[in-house]
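Taken in sequence, the protein lines are chains A and B.
Here the UniProt record's numbering is used: the first sequence runs in plain steps of one and ends on residue 640.
Here the UniProt record's numbering is used: the second sequence runs in plain steps of one and ends on residue 640.
Since the structure comes first, as structure tokens, the remarks are kept for the end.
2 protein chains.
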Amino acid sequence: MANSRHMVNFAVPRRFITTFKKDCKETFFPDDPFRKFRHDRPLQKFKKTVQYFIPVFEWLPAYNFRLLRYDLLAGITITTLAIPQGISYAKLADLPPIIGLYSSFVPPFIYALFGSSKNLAVGTVAACSLLLHETLGAAVSSKDDPTLYLHLIFTSTFFTGIFQTALGFSRLGILVDFLSHSTITGFMGGTAIIICLQQLKGLLGLKHFTTDTDVVSVIKAVFRYKDECKWQSVVAGLVFLCFLQTARYVRQRKPKLFWVSAISPMAVVVAGCLYAYFGKGEQHGIAIVGDLKKGLNPISIHYLNFDSRYLPVTIRAGVVTGLIAMVEGIAIGRSFAIIKNEQVDGNKEIIAFGFMNIVGSFTSCYLTTGPFSKTAVNVSSGCKSAMSNVVQGACMMLTLLFLAPVFSYTPLVALAAIITSAMLGLINYEEMYHLFQVDKFDFLICMAAFFGVSFKSMDVGLLLSVGLSLLRALLYVARPAPCKLGKLPETSLYRDAEQYPETTSLEGILVIQLGSPIYFANCTYIRERILRYIYEENDASQTEVEHLLLDLSGVSSTDMSGIETFIELGRVLKGKNIKLGIVNPRIEVLEKMTLAKFVNVIGKQAFHLSVEEAIQYCRFTLDDTRKPTAEPSFRNDDAA
Amino acid sequence: MANSRHMVNFAVPRRFITTFKKDCKETFFPDDPFRKFRHDRPLQKFKKTVQYFIPVFEWLPAYNFRLLRYDLLAGITITTLAIPQGISYAKLADLPPIIGLYSSFVPPFIYALFGSSKNLAVGTVAACSLLLHETLGAAVSSKDDPTLYLHLIFTSTFFTGIFQTALGFSRLGILVDFLSHSTITGFMGGTAIIICLQQLKGLLGLKHFTTDTDVVSVIKAVFRYKDECKWQSVVAGLVFLCFLQTARYVRQRKPKLFWVSAISPMAVVVAGCLYAYFGKGEQHGIAIVGDLKKGLNPISIHYLNFDSRYLPVTIRAGVVTGLIAMVEGIAIGRSFAIIKNEQVDGNKEIIAFGFMNIVGSFTSCYLTTGPFSKTAVNVSSGCKSAMSNVVQGACMMLTLLFLAPVFSYTPLVALAAIITSAMLGLINYEEMYHLFQVDKFDFLICMAAFFGVSFKSMDVGLLLSVGLSLLRALLYVARPAPCKLGKLPETSLYRDAEQYPETTSLEGILVIQLGSPIYFANCTYIRERILRYIYEENDASQTEVEHLLLDLSGVSSTDMSGIETFIELGRVLKGKNIKLGIVNPRIEVLEKMTLAKFVNVIGKQAFHLSVEEAIQYCRFTLDDTRKPTAEPSFRNDDAA
């Protein structure tokens with residue numbers, strides 16, 4: 001027996017401070033961001049630390065003209081998208097359209113300084129715009145008191161910034177992990193549905209509409225005001241929409257023609273403006289944006305409103321939209337980083353978003369993040385660094401200084417078509433079907449978000465879906481799926497008896513593999529399940545179980561309740577004349593077993609390094625005379 | 001190579017309905033309660049089903065006179081405890097003292113019918129009595145409108161019953177598992193502190209006191225009303241307390257003399273009554289209970305108050321106290337069942353508690369469960385079955401019919417001494433210290449409950465502690481502690497390199513063991529941590545990692561995000577020219593990998609049954625000419 005030289009390592013338990021430090025590191029710094037410069041000299045270290053916190057110092061010195069050419073093209077392309085999107089999403093939040101343009105000027109510069117992603121394009125997002133309107137609109141009507149409403153929007157953007165910065169500095173980017181991919185898919189899909197429905201107002205040219213966002217209210221509103229419908233608007237809307245969808249289809253078929261899709265919204269806006277200006281569209285029922293003044297962002301820091309009446313609603317709006325914006329930004333940033341084989345530090349990204357929103361709230365911008373559509377266009381236009389955001393900001397500055405009034409002729413129907421087309425791309429049918437095929441519970445989580453958002457409201461859908469995800473996480477935790485191991489013939493491997501039906505069970509010895517941490521939430525279950533395994537084993541075979549071996553290789557940690565379960569289990573088994581053996585306990589589990597004196601209670605000889613070794617030990621102690629069958633199988637085993 | 005005959009089992013994934021049924025069974029019926037009579041004939045099955053749901057039919061036919069002798073003694077002993085405790089705890093809830101006696105008459109009979117524990121003694125509990133007063137007292141003053149207050153108490157008891165029954169029938173006893181042992185220890189300790197402080201009123205003979213329960217308010221109140229203090233009361237209180245503590249000490253030293261401690265509260269009451277009656281104690285500043293009418297429980301079903309004004313508070317009080325009472329009852333029931341090697345079905349117990357409280361609320365009883373102290377006395381008096389509860393009920397009936405007025409002379413100070421003595425026993429210093437030694441986080445959870453309850457309020461303490469427990473559960477889930485495996489020299493075992501420093505690492509091959517389920521909450525962490533392992537390995541050794549093996553033996557399940565992480569990881573590794581291998585995936589994980597086409601992407605040859613086999617496969621594919629060192633170690637390995 002080659003293994004006999006090695007024993008389970010009963011070293012003295014590590015000190016609390018050691019394990020505590022290690023746990024903190026794993027919890028908050030799993031990617032070990034300071035790894036690279038731990039061994040550097042002070043000056044070098046300082047330089048690298050500054051570079052770490054302000055990434056622009058890292059990439060700018062190595063930046064060159066060749067890269068700038070790529071970024072210039074990408075920056076101009078995303079600006080052509082930023083103008084129509086900015087105006088549209090500001091309308092979605094019921095804000096003056098110019099605020100949407102302001103929001104694509106200042107924040108990109110801030111992101112270029114602090115952001116760590118090379119692919120992200122900064123801008124406003126549809127879902128958060130609508131959610132801001134839904135939340136703040138409930139406190140202050142954007143129609144009756146637009147100034148107060150605007151100030152509350154700035155205030156909630158400020159709180160978003162503070163919240164994001166605080167999360168990032170306390171390394172709580174881990175929170176983002178609790179929004180699962182299924183939740184995001186469902187939430188995006190549901191949001192796309194309700195945003196598309198909101199566009200019916202613009203597409204049909206209605207004057208009145210509902211402020212509710214759920215499917216039922218919107219459809220009711222369309223039927224109520226159907227007489228206001230303008231056929232000119234419908235025709236124009238359909239033409240624009242067909243054009244945009246065709247451009248999208250072209251990109252899908254020929255990825256090289258991505259620019260067709262990227263500039264198509266701008267083309268629609270320009271066409272719309274020309275028609276409205278020269279064709280006197282307004283007289284034919286085509287409403288326009290109107291009122292876009294020249295000039296850069298005015299300072300808005302003195303408009304922040306901390307009135308205690310509105311504080312709860314602005315903080316809530318800031319935190320919720322901040323969280324969603326953050327998830328969208330990090331998710332898209334990570335996706336492209338994975339494709340391009342780069343690393344993105346989630347917590348640093350959150351800090352960059354936070355700074356961006358704080359500065360934004362001082363300069364008449366509202367909530368910005370890294371939107372899916374803009375970032376995708378940025379990547380396919382060939383961006384190489386955050387410089388494309390600088391280009392975007394610069395182009396937007398020129399637009400604000402010279403071109404803004406031109407866009408005041410943009411027809412609302414063009415904006416509605418642009419939003420609808422963008423949103424239709426966000427409903428990911430294939431992904432939902434894929435979820436249904438692979439994991440029904442994930443599909444349920446996705447559908448909860450989808451239907452919750454479309455039929456109730458965005459917060460309800462999100463909460464429902466996150467609640468289900470957490471419930472599932474707790475169920476995973478509460479029901480950790482133990483399994484009975486059997487021996488694969490002619491090997492020394494022990495594997496799940498259900499998964500490998502060819503395994504043979506061992507007379508009088510029951511081997512159970514436990515997975516996942518054992519602690520308060522699952523210890524009662526584990527005790528009852530193990531006792532049931534014993535009953536079932538006794539029912540199935542002629543010989544009674546005399547040894548129970550627990551394979552703890554997969555148990556990464558445990559707590560006091562878990563240890564007490566082992567102690568109780570030992571006592572119960574003693575009453576049944578069954579000996580308990582522990583196989584391959586991990587370091588943290590063994591430490592706690594030692595501290596709680598469990599090792600002393602069952603004795604060190606009950607701990608084994610492998611199932612094979614444990615079974616050999618059990619066979620020696622089994623009464624050979626009473627069990628004549630044990631002898632040959634033991635020999636057989638030794639030969640393996 | 002003996003293993004070569006066996007392969008990872010790529011069987012067709014099981015149908016959804018099969019896995020769904022299995023998951024439901026593991027979640028709601030882990031103990032498989034119907035196992036015993038699944039194969040019986042219909043009539044037999046019906047009989048056993050009735051016996052299962054109404055356990056009295058199971059044990060009563062086999063009951064005999066010999067067992068009755070034990071239960072008679074136990075029943076009488078717990079009645080002597082039930083009378084003083086009933087009166088005291090009713091005072092704690094600011095109810096007429098007779099309600100406390102009523103509550104030990106009807107519920108024990110109901111429990112004897114439906115309860116599955118042989119050890120539990122039914123009665124009222126201090127913590128819930130105080131909590132009822134704290135919650136309902138905030139809505140209706142027990143001083144100003146005692147009738148309404150009493151009716152609300154009955155109503156909340158009714159809701160407790162409904163809530164418990166519903167939980168039991170929907171097999172949600174799993175909820176109890178989420179209250180960890182540490183939370184219960186801290187909560188009990190904190191409650192004991194505040195209940196003891198409440199007794200200062202009785203012990204000092206004060207007339208005025210605060211209605212707040214937290215330490216600060218109570219100490220302030222004692223100083224404010226210190227002039228009302230009666231020295232006679234203080235002396236009597238100290239004498240009683242010394243006597244009770246001595247009796248408790250005697251029991252601890254000589255367990256055979258348990259009855260000294262068990263009947264000591266009754267002795268205190270009798271002594272107090274005698275002094276109050278013959279010594280005219282009331283004239284010397286010793287207040288008495290007063291007003292205990294003869295007669296059995298009046299019907300109270302028509303007093304249940306479903307007024308919508310009070311509904312929220314009664315439901316809340318009913319649910320919260322019901323949950324705490326349930327946890328206490330199940331915890332104590334399980335503890336003794338484990339000691340005596342019996343099984344207790346948590347869900348059946350909850351149903352029995354529920355019935356007990358519903359019937360109780362119809363018959364002038366308030367919340368009952370299985371209290372720690374009474375159950376412990378019941379066991380040490382030698383109870384054999386639920387018959388001891390029947391005896392308790394019968395004795396209480398006789399008391400109510402004939403003796404009740406006698407107890408109206410009980411001095412309040414005697415009751416205060418009894419409660420204080422009982423509560424001092426609930427502060428478990430040793431357990432707290434033990435928690436501190438073994439698991440610091442468990443200690444924190446315990447202290448959160450302890451200080452939360454003593455310095456704020458009972459709900460706050462409980463919520464704080466449960467919140468921390470859940471946070472910990474989620475952290476376990478979010479940070480699943482992967483480890484790097486090394487080879488134990490001269491064996492074919494691969495173990496945690498940190499735990500077994502003698503292990504050797506393998507040139508160009510990195511083996512990572514993942515534990516616990518992999519899913520949305522931890523998949524980002526796992527991806528980043530694995531990449532960090534690769535960097536660290538590349539930094540530490542001269543040769544680059546060429547093969548990454550993931551040992552998934554301990555990964556019991558996964559979800560869509562987990563699968564996507566594997567797919568992404570495969571892509572990232574491909575970019576780095578590292579080959580990914582999967583070792584021993586469990587059935588559920590492999591099924592999802594197959595459904596998500598991950599198996600097709602990396603190919604079936606990348607799946608291995610054991611680390612040993614995987615490493616041999618990797619060694620064959622490693623370029624031998626470039627790595628002259630690989631050859632000898634491979635030979636060495638083959639020989640092991």
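Each residue gets a CB set at the ideal place from its N, CA and C atoms; glycine is no exception.
These numbers come from a predicted model, not from an experiment.
Excluding its 5 nearest sequence neighbours in each direction, A:Y303 has C-beta neighbours in its own chain below 6 Å: H151, F154, listed in chain order. In chain order, G189, A192 place their CB closer than 6 Å to the CB of A:I427, counting only its own chain and leaving out the 5 sequence neighbours on each side. Taking all protein chains shown into account, A:N347 has 16 or more neighbouring C-beta atoms within 10 Å of its C-beta and is therefore buried.
DSSP, reduced to helix, strand and coil, places A:H608 within a strand of the structure shown.
Beta-carbon to beta-carbon, B:L552 and B:I582 are separated by about 6 Å, close enough to satisfy the 8 Å threshold.
Its chain contains F455 as the residues whose beta carbon lies nearer than 8 Å to that of A:V216, once the 5 sequence neighbours on both sides are disregarded; these appear in chain order.
Under the Cβ criterion of 7 Å, B:T18 is not counted among the residues facing chain A. Closer than 7 Å at the C-beta level to chain B, one finds these residues of the region 151–177 of chain A: I174, D177. The shortest CA-to-CA distance from A:A317 to any of A:F353, A:F159, A:T19 is the one to A:F159.
When the beta-carbon positions are compared, A:R479 and B:D32 stay at least 7 Å from each other.
Under the DSSP assignment, B:I512 falls outside any alpha helix (DSSP H), being part of the beta strand (DSSP E) whose first and last residues are 509–515.
Between the alpha carbons of B:V239 and B:V270 lies a distance of about 14 Å. Between B:C523 and B:S561 the beta-carbon gap is near 5 Å, inside 8 Å, which marks them as a contact. The criterion of a C-beta distance shorter than 7 Å is satisfied by B:A126 and B:Y89.
Taking the C-beta atoms as reference points, A:I110 is found no nearer than 7 Å to A:V438. Using a CB distance cut-off of 7 Å, A:N9 counts as an interface residue toward chain B. Look at the region 115–176 of chain B and you find these whole runs of alpha helix (DSSP H), each 4 residues long or longer: 126–139, 146–169. Contact annotation: in the region 425–439 of chain B, residues whose CB is within less than 8 Å of a CB in chain A are H434, L435, Q437, V438, D439. Here the region 405–419 of chain B does not lie against the region 363–372 of chain B, with fewer than 3 beta-carbon pairs under 8 Å apart.
For A:S541, the closest alpha carbon among the candidates A:W259, A:R527, A:I509, A:I587 is that of A:I509. Between B:I512 and B:K487, the gap from beta carbon to beta carbon reaches 7 Å or more. DSSP, read as helix, strand or coil, puts A:T491 in coil. Short of 6 Å from the beta carbon of A:D94, and not among the five residues preceding or following it, lie these beta carbons of its own chain, in chain order: H133, S142.
Cβ contact annotation for B:F258 (same chain, cutoff 6 Å, sequence separation greater than five): R251, S380, in chain order. Scanning its chain for C-beta atoms nearer than 6 Å, with the 5 sequence neighbours on each side dropped, one finds around B:G115 the residues A352, A386, in chain order.
Relative to the Cα of A:S104, the nearest Cα in the group A:V50, A:I54, A:T363, A:V327 belongs to A:T363. Interface flag for B:Q616 against chain A is unset, since no Cβ pair is found closer than 7 Å. With its beta carbon less than 7 Å from one in chain B, A:G575 belongs to the interface.
Assigned with DSSP and collapsed to three states, B:L462 falls in helix. It is roughly 16 Å from the alpha-carbon of B:F65 to the alpha-carbon of B:N389.
Judged by beta-carbon spacing, B:C395 lies within the 7 Å limit of B:T79, meaning their Cβ atoms are closer than that value. Note on geometry: alpha-carbon atoms of B:G452 and B:I324 lie some 16 Å from one another.
In this structure, the CA atom of B:M356 is about 10 Å from the CA atom of B:Q164. Distances from the alpha-carbon of B:V377 to those of B:A422, B:I518, B:I338, B:F20 put B:A422 closest.
A Cβ-Cβ contact shorter than 7 Å links A:S465 with A:T183. DSSP places B:D23 within a helical segment (H, G or I) once states are collapsed to three.
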